[in-house]
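Student: Right, I'll just put the structure down here and ask away after.
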Amino acid sequence: MTPYFPDGCPETAPPGWPTDTPYERPHFVTICPACIQSWRGDFFVSDPVHVPDGVPILLAFPWSAEIAAASLIP
Ligand SMILES: [Zn+2]
Numbered sequence: 080m081t082p083y084f085p086d087g088c089p090e091t092a093p094p095g096w097p098t099d100t101p102y103e104r105p106h107f108v109t110i111c112p113a114c115i116q117s118w119r120g121d122f123f124v125s126d127p128v129h130v131p132d133g134v135p136i137l138l139a140f141p142w143s144a145e146i147a148a149a150s151l152i153p
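Residues in the sequence shown are numbered consecutively from 80, following my numbering.
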């Protein structure tokens with residue numbers, strides 16, 4: 080899932096950006112009206128989904144296989 084910014088991808092990491100995810104430059108890991116068509120060249124991009132205020136900017140769900148492998152590491 081990639082955050083959509085209707086007013087344009089921000090120049091720097093927006094408030095709430097995850098500290099473990101680098102924000103290298105605009106349009107690189109975010110989508111806005113100016114770059115959505117270029118994203119659609121390489122990825123399946125749906126119409127933006129609006130979520131209520133307070134929802135984290137990114138949600139990540141680890142694969143169950145990763146969780147199982149991590150629990151095997153002493
Ligand atoms: Zn953009």
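Glycine included, each C-beta is placed from N, C-alpha and C at the ideal position.
In this structure, does DSSP put isoleucine 146 in helix, strand or coil?
Tutor: DSSP places isoleucine 146 in helix when its eight states are reduced to three.
Student: Compare the Cα-Cα distances from aspartate 86 to each of Trp142, Pro127 and Ser150 and report the closest residue.
Tutor: Answer by Cα proximity: Pro127.
Student: Taking DSSP's pairing of strands, which residues face tyrosine 83 in a bridge?
Tutor: DSSP output for tyrosine 83 lists Ile110 as bridge partner(s).
Student: Out of Thr109, Ser150 and Ile115, which has the shortest C-alpha to C-alpha gap to methionine 80?
Tutor: The option with the nearest alpha carbon to methionine 80 is Thr109.
Student: Please report the straight-line C-alpha distance between arginine 104 and serine 125, rounded to a whole angstrom.
Tutor: Taking the straight line joining both Cα atoms gives about 22 Å.
Student: In this structure, does DSSP put serine 125 in helix, strand or coil?
Tutor: Correct three-state label for serine 125: coil.
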